[in-house]
Amino acid sequence: MYHVGMEVRDLERSIRFYQQWFGFVLERLEVLGNEQIAFLTLGEQRIELVKNPSISFASSSFHLAFEVKRIEQILLQMKEQEVPITEPLTVLENGWKNAFVSGPDGEWIELIDIPS
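Take the sequence shown: its letter number 115 is residue 115 in UniProt numbering, and every next letter is one higher.
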């Protein structure tokens with residue numbers, strides 16, 4: 001897979017969110033017609049954020065999942081900065097911990113803490 005692409009309402013807000021919480025780096029910005037596109041990278045991972053004023057938003061069942069360390073600390077920081085925590089911390093049978101938060105445009109984001 002080369003990248004995951006998703007529509008956003010506020011390109012700058014979404015860029016800041018993925019940079020702040022997951023360490024993504026802005027690779028490039030493009031304008032194609034009425035679309036503004038940002039490519040963010042984290043190692044070999046790539047997210048394409050697309051702002052297109054003619055797109056209406058509908059609910060989606062897809063989600064992004066990021067492996068994190070110290071999930072409890074991250075969730076506390078997110079809560080302090082009013083990032084919506086949509087599903088609280090759960091410890092799975094295999095020892096993994098996960099939780100879901102809501103991104104700037106309501107996208108589902110899963111945080112996964114895998115013990116070493």
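In this text, a Cβ means the ideal position worked out from N, Cα and C, and glycines have one as well.
Rounded to the nearest angstrom, what separates Glu93 and Leu75 at their Cα positions? When rounded, the distance between both Cα atoms is 20 Å.
Less than 7 Å between the beta carbons of Ala38 and Leu29, yes or no? A contact, by the Cβ cut-off of 7 Å.
Specify the secondary structure class of Phe62 as computed by DSSP and reduced to three states. Collapsing the DSSP output to three states places Phe62 in coil.
Short Cβ contact (7 Å threshold) for Phe24 with Leu49: No, they are not a contact pair.
Can you tell me the Cα-Cα spacing of Ile15 and Ile47, whole angstroms? 10 Å
Collapsed DSSP secondary structure at Arg16 in the structure displayed: helix
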